[in-house]
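Asker:
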Amino acid sequence: MSALVEILSGLGDKGPAAIVVEAQGKRLLLDAGGALHPGEAITWAAGLAVDAVLISHDHIDHIGGVAELPEQLPLYCTPLVAKALPPHRAWRPLPYRGRLEVEGITVTTGQAGHSLGGVWLHLDVAGGLFYSGDACFESRLFPFDTPPPARTALLDASYGSYDQPQAHCISTLGSALDTPLVLPVPETGRALEMALWLAEEADRRQLPLAIDPIIRDNLAALLALPRGLRRDGLDDAIGTLLQRPSASHPTLWLVSDRDDQPADWPDHRLLHTGYLTPQRCAQLAANEVLWQRWNVHLRASHLVALAHQLQAAQVVPLFTRLDDEAIDHWRERLGTRLTTQARLVLSSRSQGSAVSLFSSQESMS
Numbered sequence: 000m001s002a003l004v005e006i007l008s009g010l011g012d013k014g015p016a017a018i019v020v021e022a023q024g025k026r027l028l029l030d031a032g033g034a035l036h037p038g039e040a041i042t043w044a045a046g047l048a049v050d051a052v053l054i055s056h057d058h059i060d061h062i063g064g065v066a067e068l069p070e071q072l073p074l075y076c077t078p079l080v081a082k083a084l085p086p087h088r089a090w091r092p093l094p095y096r097g098r099l100e101v102e103g104i105t106v107t108t109g110q111a112g113h114s115l116g117g118v119w120l121h122l123d124v125a126g127g128l129f130y131s132g133d134a135c136f137e138s139r140l141f142p143f144d145t146p147p148p149a150r151t152a153l154l155d156a157s158y159g160s161y162d163q164p165q166a167h168c169i170s171t172l173g174s175a176l177d178t179p180l181v182l183p184v185p186e187t188g189r190a191l192e193m194a195l196w197l198a199e200e201a202d203r204r205q206l207p208l209a210i211d212p213i214i215r216d217n218l219a220a221l222l223a224l225p226r227g228l229r230r231d232g233l234d235d236a237i238g239t240l241l242q243r244p245s246a247s248h249p250t251l252w253l254v255s256d257r258d259d260q261p262a263d264w265p266d267h268r269l270l271h272t273g274y275l276t277p278q279r280c281a282q283l284a285a286n287e288v289l290w291q292r293w294n295v296h297l298r299a300s301h302l303v304a305l306a307h308q309l310q311a312a313q314v315v316p317l318f319t320r321l322d323d324e325a326i327d328h329w330r331e332r333l334g335t336r337l338t339t340q341a342r343l344v345l346s347s348r349s350q351g352s353a354v355s356l357f358s359s360q361e362s363m364s
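If you count the sequence shown from 1, position 258 lands on 257 in numbering that gives the first Met the number 0, and the numbers rise without skipping.
#1: Taking buried to mean at least 16 other C-beta atoms within 10 Å of its own C-beta, is G227 buried or exposed?
#2: Rounded to the nearest angstrom, what separates Q310 and T335 at their Cα positions?
#3: Please work out which residues of its chain come closer than 7 Å, Cβ to Cβ, to W329, disregarding the five sequence neighbours upstream and downstream, and give them in chain order.
#4: Using only CA atoms, which one of V101, D60, T250, P277 lies nearest to P265?
#5: Let me know if C76 comes out buried or exposed under the rule of 16 or more other beta-carbons within 10 Å of its beta-carbon.
#6: I'd like to confirm the pairing. Which residues does DSSP put opposite K25 in its beta bridges?
#7: Any idea what DSSP makes of W43, helix, strand or coil?
#8: Let me confirm a value: T105 is counted as buried when at least 16 other C-beta atoms fall within 10 Å, else exposed. Which label applies?
#9: What's the C-alpha gap between F129 and S247?
#10: Does chain B have any CB closer than 8 Å to the CB of L233?
#11: Among the candidates H296, R204, W252, L180, whose CA atom is the shortest distance from the CA of I214?
#12: So what's A31 in DSSP terms, helix, strand or just coil?
#13: Just how far apart, CA to CA, sit G127 and A201?
#14: Give me, in chain order, the residues of the same chain whose beta-carbon lies closer than 6 Å to that of S300; leave out the 5 immediate sequence neighbours on both sides.
#15: Are there three or more Cβ pairs, one per stretch, closer than 8 Å when the stretch 105–119 is compared with the stretch 130–147?
#16: Starting from the Cα of P146, find the closest Cα among Q165, H121, L224 and give me that residue.
#17: Could you tell me the alpha carbon to alpha carbon distance between S55 and I62, rounded to whole angstroms?
#18: Any chance you could list the alpha helix (DSSP H) runs of at least 4 consecutive residues sitting entirely within the stretch 72–107, in chain order?
#19: Compare the Cα-Cα distances from L345 to each of P179, A16, E21 and report the closest residue.
#20: How would you write the range of the alpha helix (DSSP H) that L120 sits in, first residue to last?
#21: Return the first residue and the last residue of the beta strand (DSSP E) that Q163 is part of.
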């Protein structure tokens with residue numbers, strides 16, 4: 000089965016995710032990302048005609064554009080991700096780990112290691128098309144399931160050439176914990192594993208800790224899932240944390256990210272652990288906030304390992320800049336498998352002609 004892939008958004012920068020796959024006369028939209036920065040609008044939805052949309056996870060740059068789509072458009076997501084949909088938006092269930100038919104196309108899902116309820120997507124077209132959504136191998140809580148082989152791989156390259164292991168991040172972050180801190184985090188992502196780590200560190204250092212109720216609720220939701228949908232050996236720690244009251248005057252405060260500003264927390268310093276908006280970059284440069292990454296995306300070496308595991312012949316790095324320096328990096332890592340085109344025609348044949356590209360005018364490189 001041949002297929003056409005159109006990357007409407009998410010190629011060449013850290014932008015909203017929106018990818019159309021056309022096969023068997025049907026068009027599926029993979030993710031419906033919203034703008035990452037306040038005041039920005041998305042453009043990918045203008046004039047869009049698709050038969051169904053599949054959402055990988057509930058972070059704004061993957062689900063925030065759903066409101067721009069027709070309400071009658073069939074939408075597929077996992078039950079936990081559905082909680083982030085616009086009110087009363089109809090949806091159909093994606094399995095957390097399994098297989099279903101969408102518009103006659105076989106879709107396989109698996110745990111992506113990034114967030115509560117999040118999945119990767121594999122479409123049985125043209126020798127296999129794999130879309131990672133946001134993915135990570137290093138989560139303490141969320142497993143990453145081995146996907147089926149795929150000739151074409153659209154992979155989370157949010158970190159570009161960065162390749163520091165999570166142990167380094169945790170060590171560096173730990174050195175800052177004796178300062179009164181507020182850590183704003185996506186409430187279904189790193190928040191959950193950071194909550195466990197902070198609870199351990201707070202006990203060890205005898206520091207008062209507070210955790211937002213919504214983060215606790217999401218930990219409870221994780222604990223309620225079938226055991227295979229979380230890493231082994233953590234149920235007791237999660238249960239203990241859920242019974243632990245938040246301190247009334249905490250030194251450490253883990254909060255749901257609400258675009259917090261330094262002025263909102265006069266007695267604490269804000270410490271960010273993920274993507275920084277332009278405003279937050281300016282605050283960091285002015286020493287108004289702190290920043291230390293907590294890995295929640297594929298490191299460069301992990302992206303390459305996943306491409307090998309998939310036996311991919313074509314690999315598209317998503318959600319990252321693709322200037323000359325970056326392309327040189329990925330070409331060194333991926334060789335001839337690197338593809339930076341926004342549109343690809345995928346053939347059902349298994350030889351070197353499997354992927355043909357549109358004209359160079361349509362290339363991101």
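The beta carbon of each residue, even a glycine, is placed where N, CA and C say it ideally should be.
Answerer: On the basis of the supplied data:
#1: As a working mapping, residue 227 is identified with position 228 in the sequence shown. It counts as exposed.
#2: Sequence index remark: in the sequence shown, residue 310 carries index 311 (1-based). Sequence index remark: in the sequence shown, residue 335 carries index 336 (1-based). Answer to the nearest angstrom: the Cα atoms are 13 Å apart.
#3: On the sequence shown, position 330 is the one that residue 329 refers to. Contacts found: P316, L337.
#4: Sequence index remark: in the sequence shown, residue 265 carries index 266 (1-based). Minimum Cα distance to P265 is reached at T250.
#5: On the sequence shown, position 77 is the one that residue 76 refers to. Buried, since its Cβ has 16 or more Cβ neighbours within 10 Å.
#6: Locating residue 25 in the sequence shown gives position 26, where the first residue counts as 1. BP columns for K25 point to A22.
#7: Residue numbering aside, residue 43 sits at position 44 when the sequence shown is read from its first letter. W43: coil per DSSP, three-state reduction.
#8: Here residue 105 corresponds to residue number 106 of the sequence shown, with the count starting at 1. When all chains shown are included, T105 counts as exposed.
#9: Indexing the sequence shown from 1 puts residue 129 at position 130. Indexing the sequence shown from 1 puts residue 247 at position 248. The straight-line gap from Cα to Cα measures roughly 46 Å.
#10: No chain B is part of this structure, which consists of one protein chain only.
#11: Within the sequence shown, the letter at position 215 stands for residue 214. Among H296, R204, W252, L180, the Cα nearest to that of I214 belongs to W252.
#12: The residue you call residue 31 lines up with position 32 of the sequence shown. In the structure shown, A31 adopts coil according to DSSP, grouped into three states.
#13: Against the sequence shown, residue 127 aligns to sequence position 128. Against the sequence shown, residue 201 aligns to sequence position 202. Their backbone Cα atoms lie some 46 Å apart in a straight line.
#14: What you label residue 300 is simply residue 301 of the sequence shown in a count that begins at 1. Result list for S300: D162, in chain order.
#15: By the Cβ rule, the stretch 105–119 counts as touching the stretch 130–147, because three or more pairs are nearer than 8 Å.
#16: Residue numbering aside, residue 146 sits at position 147 when the sequence shown is read from its first letter. Nearest C-alpha to P146: H121.
#17: Sequence index remark: in the sequence shown, residue 55 carries index 56 (1-based). Sequence index remark: in the sequence shown, residue 62 carries index 63 (1-based). When rounded, the distance between both Cα atoms is 8 Å.
#18: Whole alpha helix (DSSP H) segments, 4+ residues: 78–81.
#19: For the purposes of this step, residue 345 is taken as the residue at position 346 of the sequence shown. Measuring C-alpha to C-alpha distances from L345 to each of P179, A16, E21 identifies E21 as the nearest.
#20: For the purposes of this step, residue 120 is identified with residue 121 of the sequence shown, where counting begins at 1. Here L120 belongs to no alpha helix (DSSP H); instead the beta strand (DSSP E) covers 118–122.
#21: As a working note, residue 163 is residue 164 in the sequence shown. According to the DSSP assignment, Q163 belongs to no beta strand (DSSP E), since it is labelled neither H nor E.
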